[in-house]
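Right, one structure below, let's go through it.
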Amino acid sequence: MKSLLRRAAAGCAALLAMLAAGAPAVAAGPEPPVPVLRWIDCGDGFQCADARVPLDYDDPRGTTITIALIRKPAADPAQRVGSLFQLPGGPAQSGVRVLRGSPPQLLALLSRFDVIGFDQRGTGASRPAVDCRATPPSFFTRPDAVDADAYAAAARAYGLSCLRHNREFCRT
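In terms of mature numbering (1 follows the signal peptide of the UniProt record, and there is no 0), the sequence shown is residues -27 to -1, 1 to 145.
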């Protein structure tokens, strides 16, 4: 029995190797343009910029969207180590607002970095913005106080509304 399994495994491996070797190389498509960031002062020692990027990286020369960025430059450029990107997570939290609202003590700890935040596509100051035209169910309800079926139905309705009104974001 072991011999039969080994022969079958070896045969499958050989077949996969032949198929992989015979597969044509896929031509790389055009590279998306690299956005040029023009940082401008936006108050309280922060700088802001907008990046124009492809909506769909499979179509890098197609429709573009704007991603909003903010940075707190290193306190002493001579001591600068590099850049540190922060993303607060989600759903749909504004990285621009989170960085702007960071405690000064945290920014002091990171003083050797340019700290950069951004609003994910469709959120905050990035454009176009996602508009689900519905109110999401609360993510902050105590689990024991939730009717699971009603919550699931509300979440599904919200998701379908987002999909219906924002297809351009959902297919990329």
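Idealized CB from N, CA, C, for every residue including glycine.
What's the gap between the Cα of residue i and the Cα of residue j?
{"i": "Pro6", "j": "Phe58", "result": "21 Å"}
{"i": "Pro46", "j": "Arg11", "result": "14 Å"}
{"i": "Arg140", "j": "Ala128", "result": "18 Å"}
{"i": "Asp120", "j": "Gly132", "result": "18 Å"}
{"i": "Pro110", "j": "Ala125", "result": "9 Å"}
{"i": "Ile89", "j": "Ala51", "result": "18 Å"}
Starting from residue i, trace the alpha helix (DSSP H) both ways and give me its first and last residue.
{"i": "Val71", "result": "68 to 73"}
{"i": "Cys143", "result": "140 to 143"}
{"i": "Pro61", "result": "No alpha helix (DSSP H) contains Pro61, which DSSP labels as neither H nor E."}
{"i": "Pro6", "result": "Premise fails: Pro6 is in no alpha helix (DSSP H) and is neither H nor E."}
Just curious, the beta strand (DSSP E) that residue i is in, first and last residue?
{"i": "Arg53", "result": "Where Arg53 is concerned, there is no enclosing beta strand (DSSP E), given that its DSSP letter is neither H nor E."}
{"i": "Asp87", "result": "86 to 91"}
{"i": "Pro27", "result": "20 to 27"}
Take the Cβ of residue i as the centre, count every other Cβ of all protein chains shown within 10 Å, and call the residue buried at 16 or more, exposed below.
{"i": "Thr96", "result": "buried"}
{"i": "Arg25", "result": "exposed"}
{"i": "Cys135", "result": "buried"}
{"i": "Pro3", "result": "exposed"}
{"i": "Ile38", "result": "buried"}
{"i": "Arg94", "result": "buried"}
For residue i, which residues of its own chain have a beta-carbon under 8 Å away from its beta-carbon, when the five flanking residues on both sides are left out?
{"i": "residue 146", "result": "As displayed, the chain neither begins before -27 nor continues past 145, which places residue 146 out of reach and without an answer."}
{"i": "Cys105", "result": "Tyr131, Ser134, Cys135, His138, Asn139"}
For residue i, I'd like the list of residues in its chain whose CB is within less than 6 Å of its CB, leaving aside the five on either flank, ordered along the chain.
{"i": "Asp92", "result": "Ala41, Ser67, Gly68, Val69, Ala98, Ser99"}
Using three-state DSSP, classify residue i as helix, strand or coil.
{"i": "Ala107", "result": "coil"}
{"i": "Asp14", "result": "strand"}
{"i": "Leu42", "result": "strand"}
{"i": "Arg94", "result": "coil"}
{"i": "Arg100", "result": "strand"}
Identify, in the order they occur along the chain, each residue of the same chain with its Cβ nearer than 7 Å to the Cβ of residue i, setting aside the five sequence neighbours on each side.
{"i": "Leu72", "result": "Ile43, Lys45, Gln59, Val88, Gly90"}
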